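If you're matching positions, the sequence shown starts at 1 in this note's numbering and goes up one per residue. Ideal Cβ positions, reconstructed from N, Cα and C, are used throughout, including at glycine. Computed from a predicted structure; not experimentally measured.
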Amino acid sequence: MERVKLSVDVPRELVEEIDEIVSLMGFEGREQFVESAIRRLLDEYRRLIKRIAMLK
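Rendered as structure tokens:
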């Protein structure tokens, strides 16, 4: 899969929390954590979109 660099600014408090989770959960680093979090959020949105479509 082709990779694209994405740059975002986030509040320091979120970065500190991310760093703690990365350490506790054994992620290789922030990049792996963020990619995992984005995939999970996208899955959640896809399920929500399917539910909404079924209601129409």
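1. Alpha carbon to alpha carbon, how far is Lys56 from Glu31? Give it in angstroms, no decimals.
2. Val4: which of Glu35, Met54 and Ala53 sits nearest, CA to CA?
3. Using beta-carbon positions only, say whether Phe33 and Ile18 come within less than 9 Å of one another.
4. What's the C-alpha gap between Ala37 and Pro11?
Considering the structure as presented:
1. Working through the sequence shown from its first residue, we reach residue 31 at position 31. Working through the sequence shown from its first residue, we reach residue 56 at position 56. So the alpha carbons of these two residues sit roughly 38 Å apart.
2. What you label residue 4 is simply residue 4 of the sequence shown in a count that begins at 1. If we check each option's Cα against that of Val4, Glu35 comes out closest.
3. As a working mapping, residue 33 is identified with position 33 in the sequence shown. As a working mapping, residue 18 is identified with position 18 in the sequence shown. Cβ distance < 9 Å, so Phe33 and Ile18 count as in contact.
4. As a position in the sequence shown, residue 37 is number 37, starting the count at 1. As a position in the sequence shown, residue 11 is number 11, starting the count at 1. Computed Cα separation, rounded: 17 Å.
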